[in-house]
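Residue 123 in this note's numbering sits at position 132 of the sequence shown, and the numbers go up by one each step.
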Amino acid sequence: MSVSPIIEACRAEGRAALIGYLPVGFPSVAGSIEAMELLVRAGVDIVEIGVPYSDPVMDGPVIQDAAVRALEGGVRLADTFAAVRAVRAAGAGALVMTYWNPVLRYGVDRFAADLAAAGGDGLITPDLIPDEAADWIGAADEHGLDKVFLVAPSSTPERLAAVTSRSRGFVYATAVMGVTGARSSVGDAAEDLVVRTRAVTDLPICVGLGVSTGEQASQVGRFADGVIVGSALVRCLTEASTPASGLMALEELVRDLAAGVRRGRS
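Below, the structure is given as C-alpha cells:
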C-alpha cells in the first residue's frame, strides 16, 4: 500500500492533495470514525489518523485537548485499525500519525502487520528520526507501507538528503518551528523548505503549516504536492456545542479547503 498513486492522481488533475488529520477516539471511537468518513465525502484525499498519546509534545493545545479527552474516553491503539478500515472503505488513503512509544509497546512487527491487514498505507512518525528507525523501516518494507519522515526549516541540505532517502510515500515538510496549530498567514518559510527539499528528492512534498482556510490551502497548494490540515479540523469538533453541529462545521471547512487546493494552480 502507498499514498503515492493518490498524490499522482491529484497531480494529474493539476492540484495538490488535501490531507486531513483527526484523532481516533474523539468525541468517541464511533464519532471519530464518522467524522473521518465525512472528511472523505467532503473532499479529503488522504486521512491522517492520529493516535492519542499522553505526552503529545509536538501537538498544540487543540489537538492535545482532543487527545486527552479521547484517552479519558477509553480509546485503545487497536481502535486505530478500525478507523483505518473505515477510511479505506470510504475511498481515501489512510495514514496513521503516531508517536513512537505506542508502536514500540504494541510491537513493531505486529503493528506493521495489523496496519497492512487493515488496509493502511503507512505511518507518519513525528518523534522518530530515520537514524533510529531501523526496526520500523524493516517492518514497513516487509509489509509495503509508507515511511513518512519529517523535515523542517532548520534541516540542512545534508539532513534533507538523509531523511528523504529513507522516506516513502511523501516527505512531510513541517514549515514552522514549534507545535501544531492554525496560523494567520502562510509566509515564505514553507515554499523555501519545499524548494530545498525538491533539490534532493523526487518524492512528493506535503506541507503542514497550520492551514485553516481555503485561501491558505490555495496558497500552499501552488508549490506543495499536498496540503496537510489538522488543528483547524479538530477545532470544529472540540468547540462544537453538539456532535451534529461539529460535523456540520467540519464539512463546511473541508469543502472550503478542497476548493482551495483545486484553484491553487489555476
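All residues carry an ideal CB built from backbone N, CA and C; glycine is no exception.
Where does Tyr90 fall in DSSP's three states?
Note: Tyr90 maps to coil in three-state DSSP.
Just to confirm my understanding: we take Asp56, look at its own chain, exclude 5 residues before and 5 after, and list those with CB closer than 6 Å. What are they?
Hits under 6 Å: Thr229.
Compute the Euclidean distance between the alpha carbons of Asp216 and Ala8, then round it to the nearest angstrom.
Going by the C-alpha atoms only, they are around 6 Å apart.
Which residues mark the beginning and the end of the beta strand (DSSP E) in which Ile10 is found?
Segment 8 to 14, the beta strand (DSSP E) holding Ile10.
Just tell me which of Pro52, Leu106, Arg32 has its CA closest to the CA of Gly82.
Looking at the Cα atoms, Arg32 is the closest of the given residues.
Kindly indicate which residue of Val245, Val48, Glu123, Asp112 has the alpha-carbon position closest to the one of Phe161.
Checking every option, the nearest Cα to that of Phe161 belongs to Asp112.
Can you check whether the CB of Val78 is closer than 9 Å to the CB of Glu25?
Contact flag unset, no.
In the DSSP assignment, the beta strand (DSSP E) including Leu114 goes from what residue to what residue?
Counting along the chain, the beta strand (DSSP E) containing Leu114 begins and ends at 113 to 115.
Label Gly98 either buried or exposed according to how many other C-beta atoms from any shown protein chain fall within 10 Å of its C-beta, with 16 as the threshold for buried.
Under this definition Gly98 is an exposed residue.
In the structure shown, what three-state DSSP assignment does Ala166 receive?
Ala166 falls in the coil class under three-state DSSP.
Should Thr165 be labelled buried (16 or more other beta-carbon atoms within 10 Å of its own) or exposed?
Buried.
To which residues does DSSP link Ile120 through a beta bridge?
Answer is none; Ile120 lacks a bridge partner.
Between the stretch 50 to 66 and the stretch 123 to 138, do at least 3 Cβ pairs fall closer than 8 Å?
Too few Cβ pairs lie closer than 8 Å, so no.
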